[in-house]
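Okay, here's the thing in structure tokens:
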């Protein structure tokens, strides 16, 4: 089984309920194709480096997926025709970093560090 990190960027006007629907939709596609979702992260609304289809911002959703190449092919085939998505990217990795949350707010990180100490 291969390990993949998969990120999708939804349009900036996508509501939180639609984000949840997108997450569920693509999670089901992965599971239907004998893949496994290890972790899902909602990174929220972030600025884009440049305009994409007249959008300055996008809602990022990140998946950590365990599965074969068939899973990724099926995911990308469905994402290519989805009008709510701006971009998607899949990267094959050797191992997952499940501890670090790169897009959490600084206040949350400081609270977690205080709890550990």
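Numbering (the numbering used here), first residue to last: 2 to 118.
For every residue, glycine included, the Cβ atom is placed at its ideal position computed from N, Cα and C.
Note that the structure is predicted; figures quoted are calculated from it, not measured.
Bounding residues of the beta strand (DSSP E) (the contiguous stretch that carries residue i)
i: residue 34; result: No beta strand (DSSP E) holds residue 34; DSSP gives it neither H nor E.
i: residue 8; result: 3–12
Closest by C-alpha distance to residue i, when choosing among the options
i: residue 36; options: 14, 3, 94 and 25; result: 3
i: residue 96; options: 66, 83 and 82; result: 66
i: residue 10; options: 82, 88 and 77; result: 88
i: residue 17; options: 28, 5, 72 and 44; result: 44
i: residue 94; options: 102, 64 and 79; result: 64
i: residue 52; options: 6, 13, 99 and 100; result: 13
Nearest-angstrom beta carbon gap, residue j and residue i [assumed within contact, 8 Å]
i: residue 62; j: residue 91; result: Not really, about 13 Å apart at Cβ, beyond 8 Å.
i: residue 15; j: residue 85; result: 6 Å
i: residue 49; j: residue 55; result: That pair is no contact at about 11 Å.
Pair within 8 Å by beta-carbon distance, residue i and residue j
i: residue 68; j: residue 31; result: yes
i: residue 60; j: residue 41; result: no
**Study point:** Completely contained beta strand (DSSP E) runs for the region 45–100, where each covers 3 or more residues
**Key:** 56–68 and 86–94
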